[in-house]
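Protein chains in written order, with the working numbering: chain V, 2 to 150; chain D, 18 to 176; chain X, 76 to 449; chain S, 2 to 334.
Just so it is clear, CB atoms sit at the ideal spot from N, CA and C, and this is done for glycine as well.
The structure displayed is predicted, hence computed values, not measured ones.
Read the structure below first, then the notes.
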Amino acid sequence: MSGLGQYIAHLFSGAWSLAAGMGVTIRYMFKPVATVQYPRERLALPEAFRGHIELIPAQDGHRCVACGECHRTCPSGVIKVQGLKQQASDHNRARYFFIDFSRCSLCGLCVEVCPEKALRFSYEYEQVWPSRYGSVVDLMARLHAGGGA
Amino acid sequence: MSQNESLAVILESSPQVTQLRRASRENDGFDFSLSIEPKGIPELARMLKDQGFFLEYLTAVDYGQTMELVYSFSKWIEPDRVQAVCPAWPMEAAPSICGVFPAANWQEREVFDMFGLEFKDHPDLKRLLLIQEEGLHPLRKDFVAGPQHSGDVVETEMV
Amino acid sequence: MLRKTLTDDTFYLNMGPQHPSTHGVLRLLLRLDGERIVECEPVLGYSHRGHEHMAQTRSYLRFMPNPCRMDYLAGLMYNHAYCLAVERACGIEAPPRAQFIRVICAELNRISSHLLWFGAYLLDLGGFTPFLYAFDDREDVLSILGEITGSRLTYSYCRFGGVARDLTPKFIELTKAFIPKLRVRLKDYDTLVSKNVIFINRTKDVGVITKEQARDYSVTGPNLRACGVPHDQRRCEPYSVYPEIDFEVITADGANGEGDCYDRYLVRMQEMEESLRIVEQALQRLPEGPIRAKGVAQEPAPPPGAYQYCYESARGMLGIYLVSDGSRVPVRMKWRTPSFSNLSILPILLPGTLVADTVAILGSLDLVIPEIDR
Amino acid sequence: MITTLSKTWQALLDFFGPLALVLVIGLVIALTYVQINALFLVWLERKVAGHIQLRIGPKEVGPFGVLQTIVDGVKLLGKELITPRPASWLLFVLSPILVFTPVLVPFVVLPFGENLQVHDLNVGLLLIFAFAGLNVLAILMGGWASNNKYALLGAIRSVAQNVAYEIPLLLSAMSVVIMANSLSLRAIVDAQEGLWFVFVQPVAAILYLVGATAETNRAPFDIPEAESELVAGFHTEYSGMRFGLFFLAEYTNMFIVASVATTLFFGGWRGPIADGPWWFLAKVYLLIFGVIWVRWTFPRLRFDQLMNLAWKFLIPIGLVNLLVTALVLKLVR
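Shown next as structure tokens:
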């Protein structure tokens, strides 16, 4: 085609592509909204959701025997657990259990590695603390205060 | 794999190759592993480039007393992977292969940055990732990551 | 070299490290003559966290969460590659069902990574709307993957010798619903963007990479396939269950082996369709059976030796070079990340182009900067 | 009380003369209308953009988020006015004022309705285009004075763009002026009695709309403030109400350009059934919706493509159009 013919053809094909593009956006304008208004509506969390780690409530409090397996396997080294024994012959039972959630990467290795299956993921994702030191959470206190959702 | 055989013949014939080991790609990941003198690397690289290889990566490994440079070449469609290993630390600096493969420019700078290994006639050998601090070579075995390496104030020269 | 005194009338412009279109913390030191770029030097290292140092000081199991943080767009692929590499070193074989689950999740992750690239690329070129559509689709993929992995970006879902959790019926139902929905959306993107004359003018013949340049700078992945080279790790060095799945390697019919921004765009868009086909076939062929191999130690200790594994991540060839001395902590773990070499070609693409082209070329290479700095 | 009021009114009337008072009152009304309209336009744009992008847009403040822009304005007023130290202080401060004030003047000649026109100058169109050319100067001053490389690039780009797109704008307006053979906007609207000029002059209409979108720096021609390349273009260093002035000026500019387009091509206040200002406003807001719709659909043109489009494409067509109209008019009359 001559230069001018091509010029005109290019002009019309270009204009047509612009119009087609606008057709798409106007169609999307009348489609239902895809966003969730967060504070008022909330998404249903998947069953496997990995919230903050917490102790599983068992018959007399928790099942953790303070073996320290989670402390050793945690990549960021944020778990501190300490056990207490009334007498030498008793089983060891955890008395203190702290996790520093500001550096915890929620990888779940502690939950998996625990021989007593004493830890689990909660469904909480809105934990916030006024200071960095507030993020060191005492899981025992949370357990006695009824634990997370 | 006849094509593989011809490659084996060429590799044996090249002068610098001191020891050629055939490996299987299933359990090792590479077809040929050859150890080579540092000065033979540019010649090997040029020869492999003619065969249609490209440089996958170049890195160093620190075994405590000795360090070695590892080059890995591979092809596009039929991937024969050739791995060249050459002793690095106690010997003198290895010649740079930026002339043959420009991709090696940054990789050599990174090896210099992380291990402190020099490369002869590299166009612009300076640190790639870390700050300009003497003796900071984190991937060396004798490097201990102390508190002073995390989050201290750094003045980079403003342009 | 770049810091010599300014005799001519060029001036320096720092694009980055904080800049809307450098997708991560990358600083491009540009020397401009008016709007035209004379020289470009990327400055790296702003998001260097020392993953390889961590790999040398941690056991294989404790290093599990790190790969997802290297390339946060294709986290599951990196996790999959890491597990395959350690399995090859230890000689473990994951059961078929686990391999299929891994491939399904990896391909879904590839789709979500391409979708984010598509949205961000259009945003760089000034089109604000496709970004929101792409994120809407990506939201579906993330919620599907969240069903079984529990998180949206940092998955750590694969374990040595299998996967952490089995597929739930809800996952299968959501994926089956998602596939046709995305196909319709991809057609809309086609009319809205691929045929748009402004987009074509902005990307045609911009940032052309020839085959020789790609070989010199070892560019891999969609950028290489856009130059007409059918190099795809899943097809050239088949791993896992890819030999059983039939899919083609997409290459743009670049004129005599030259890929420009538009070819790279087309390759990635068609790759999304290919990934959908892979997920469909993998879902049909999903065998029953266990999801974890029996008798695999939680803390693997591979026999001494050097192992290499090559995997096809969303951005290109991901190589893991593992040197083990038999203990539970590797001697050296080198991660050959695709964006490292994909970015190294930028200094030869930019000179002579305009500032607006910088953004177009940088976006078309689909870089993730934390993957470069590691 | 009323007597003193009427006495002062009488004193004012004979001191200034009726025309000056009408002008002053007209301008005051135009000013208030501009403020309300700018706030409404910002809200309209964010709502339309929201729905195009499958989201809702402002919703929290007031019913359907109508008060959102007012709240934003108050927030901007509250923000600190930062002046970068190396910036040349006077030009930096003057630029937003210079951008906003000339935008108000064209309201004098815009024919909102049959008798709803502040003053019918017989060179109305010339006045509008003269003041439209002024804001480019202010943008250059602002961009250059803020001593920021991105702002400098943005400012230089906006000069080149506005110069390049002023010409197709004038050419298309000229072909309309020849048809109505008068520069006064009222005469142009009267000349469109039976047939709107958009049907007589379709090419000029498209040319005008493209030129107008480029004149107000709206995507796909928003090169001067290209977020993804130049961070924020010429108003990178501006904060607080200075940025607010740039922002409001852009929307008022858009309103003026749309209203000039309705008077030139879509028959001003004339409507199929009952003529009146409501037709004028309906057409203006329809055009503005079109501009917003274009902005949220297309990517941005590159700088040199933008120039090629203007110099090699719009201007030749504008000239040819002008010649053809002149020829046809010569034959017809």
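**Request:** Within the same chain, show all residues whose beta-carbon is closer than 6 Å to that of N122 (chain D), passing over the 5 residues directly before and after it, in chain order.
**Result:** Excluding sequence neighbours, N122 (chain D) sits near C115.
**Integer Cβ distance of S439 (chain X) from E230 (chain S), believed to fall under 8 Å** = With 8 Å as the limit, S439 (chain X) and E230 (chain S) do not qualify as a contact, their Cβ atoms being about 15 Å apart.
**Prompt:** Which chain D residues sit within Cβ distance under 7 Å of C311 (chain X)?
**Reply:** Neighbours of C311 (chain X) on chain D, chain order: I94, P96.
**Prompt:** Can you tell me whether G427 (chain X) is buried or exposed, with buried defined as 16 or more other CB within 10 angstroms of its CB?
**Reply:** Taking all protein chains shown into account, G427 (chain X) has fewer than 16 neighbouring C-beta atoms within 10 Å of its C-beta and is therefore exposed.
**Request:** Determine whether the Cβ of V34 (chain V) lies closer than 8 Å to any Cβ atom of chain S.
**Result:** Chain S contact via Cβ: present.
**Request:** Answer with yes or no whether the minimum CB distance from G22 (chain V) to chain S is below 8 Å.
**Result:** Among the residues facing chain S, G22 (chain V) is included, as its CB has a counterpart in that chain under 8 Å away.
**Prompt:** At what residues does the beta strand (DSSP E) containing Q100 (chain D) begin and finish?
**Reply:** Per DSSP, Q100 (chain D) belongs to the beta strand (DSSP E) from 99–104.
**Member of S:V119, S:V104, S:G66, S:E226 whose CA lies at the smallest distance from the CA of L22 (chain S)** = Among S:V119, S:V104, S:G66, S:E226, the Cα nearest to that of L22 (chain S) is on S:V119.
**Prompt:** Hey, does K60 (chain S) have any beta-carbon neighbour from chain X nearer than 8 Å?
**Reply:** Residue-level contact check: K60 (chain S) does not touch chain X, since none of the beta carbons of chain X fall below 8 Å from its beta carbon.
**Three-state secondary structure assigned by DSSP to A160 (chain X)** = Helix at A160 (chain X).
**Message:** When you compare the CB of G121 (chain V) with every CB in chain X, is at least one pair closer than 8 Å?
**Reply:** In the sequence on display, residue 121 (chain V) carries Arg and not Gly. Answer no: the Cβ-Cβ gap between R121 (chain V) and chain X never drops below 8 Å.
**Request:** Kindly say whether I9 (chain V), judged by its beta-carbon, lies nearer than 8 Å to any beta-carbon of chain S.
**Result:** No, I9 (chain V) lies away from the interface with chain S (no Cβ there is under 8 Å from its Cβ).
**Item:** Under 7 Å by beta carbon: chain A residues contacting L44 (chain V)
**Value:** Looking at the structure shown, chain A is missing, and the protein chains on hand are V, D, X and S.
**Message:** 8 Å is my cut-off, CB to CB: does A376 (chain X) come that close to chain S?
**Reply:** So, not an interface residue.
**Message:** Using the three-state DSSP reduction, which class does L37 (chain D) fall into: helix, strand or coil?
**Reply:** Secondary structure of L37 (chain D) (DSSP, three-state): strand.
**Prompt:** How is the beta strand (DSSP E) around G394 (chain X) delimited, first residue to last?
**Reply:** G394 (chain X) -> beta strand (DSSP E) spans 391–399.
**Proximity winner among D:L145, D:M84, D:P59, D:Y80, relative to K104 (chain D) (alpha-carbon distances)** = In the sequence as presented, Lys is not what sits at residue 104 (chain D); that position holds Pro. That would be D:M84, whose Cα lies nearest to the Cα of P104 (chain D).
**Prompt:** Tell me, which residues are paired with L20 (chain S) by DSSP?
**Reply:** DSSP output for L20 (chain S) lists no bridge partner at all.
**Asked** Cβ atoms of T278 (chain X) and R300 (chain X): under 8 Å apart, would you say?
**Response** In this structure, R300 (chain X) keeps its C-beta atom at 8 Å or more from the C-beta atom of T278 (chain X).
**Prompt:** Going straight from the alpha carbon of D432 (chain X) to that of V281 (chain X), what length do you get?
**Reply:** Computed Cα separation, rounded: 7 Å.
**Message:** Q83 (chain V) and R96 (chain V) - do their beta-carbons sit closer together than 8 Å?
**Reply:** For R96 (chain V) and Q83 (chain V), yes; Cβs fall inside 8 Å.
**Proximity winner among X:N331, X:Y292, X:M344, relative to V324 (chain X) (alpha-carbon distances)** = When C-alpha distances from V324 (chain X) are compared across X:N331, X:Y292, X:M344, the shortest belongs to X:M344.
**Request:** Tell me the start and end of each unbroken alpha helix (DSSP H) in the stretch 113–137 of chain X that is at least 4 residues and wholly inside, in chain order.
**Result:** Secondary structure remark: continuous alpha helix (DSSP H) runs of at least 4 residues inside the stretch 113–137 of chain X, in chain order: 126–132.
**Prompt:** Is DSSP giving D108 (chain X) helix, strand or coil here?
**Reply:** The answer is strand: DSSP assigns D108 (chain X) an E or B state.
**chain S contact residues for Y208 (chain X), given Cβ-Cβ distances below 9 Å** = For Y208 (chain X), the chain S residues whose Cβ falls inside 9 Å of its Cβ are Q54, L55, in order along the chain.
**Request:** Pair every Cβ in the stretch 89–103 of chain S with every Cβ in the stretch 136–146 of chain S, then say whether three or more of these pairs are closer than 8 Å.
**Result:** Touching, yes, given that three or more Cβ pairs across the two stretches are closer than 8 Å.
**Message:** In the DSSP assignment, the beta strand (DSSP E) including W410 (chain X) goes from what residue to what residue?
**Reply:** Where W410 (chain X) is concerned, the enclosing beta strand (DSSP E) stretches over 407–411.
**Message:** If I follow the unbroken beta strand (DSSP E) through D265 (chain X), where does it start and stop?
**Reply:** Premise fails: D265 (chain X) is in no beta strand (DSSP E) and is neither H nor E.
**Prompt:** Closest by CA to P225 (chain S), which one among S:M2, S:A139, S:T5, S:S240?
**Reply:** Closest in C-alpha terms to P225 (chain S), from the list S:M2, S:A139, S:T5, S:S240, comes S:A139.
**Request:** On a CA-only basis, which of S:P221, S:L6, S:V67, S:L171 is nearest L19 (chain V)? Give me that one, please.
**Result:** Of the candidates S:P221, S:L6, S:V67, S:L171, the residue whose Cα lies closest to the Cα of L19 (chain V) is S:P221.
**Message:** Counting only Cβ pairs nearer than 8 Å, list the residues of chain X close to G6 (chain V).
**Reply:** By Cβ distance, chain X contributes nothing, its closest Cβ being about 18 Å from G6 (chain V), past 8 Å.
**Request:** State yes or no: is the C-beta of S106 (chain V) within less than 8 Å of the C-beta of S136 (chain V)?
**Result:** Result no, Cβ atoms of S106 (chain V) and S136 (chain V) do not sit closer than 8 Å.
**Request:** Count the other C-beta atoms from every protein chain shown that fall within 10 angstroms of the C-beta of A162 (chain D), then say buried if there are 16 or more, exposed otherwise.
**Result:** In this structure A162 (chain D) is exposed. Its beta-carbon is surrounded by fewer than 16 other beta-carbon atoms within 10 angstroms.
**Prompt:** So which residues on chain V does V4 (chain S) lean against when the C-beta distance must stay under 9 Å?
**Reply:** Looking at the sequence provided, one finds Thr at residue 4 (chain S) rather than Val. Identification of chain V residues near T4 (chain S) by a Cβ-Cβ cut-off of 9 Å yields none; the smallest Cβ-Cβ distance measures about 58 Å.
**Message:** Against chain S, with Cβ distances strictly below 8 Å, would M76 (chain X) count as a contact?
**Reply:** With a pLDDT of only 46 at M76 (chain X), under 50, the local geometry of the prediction cannot be trusted, and the value read off the model is given with reservation. Answer no: the Cβ-Cβ gap between M76 (chain X) and chain S never drops below 8 Å.
**Asked** What did DSSP end up calling S91 (chain D) once you bin it into helix, strand or coil?
**Response** Three-state result, S91 (chain D): strand.
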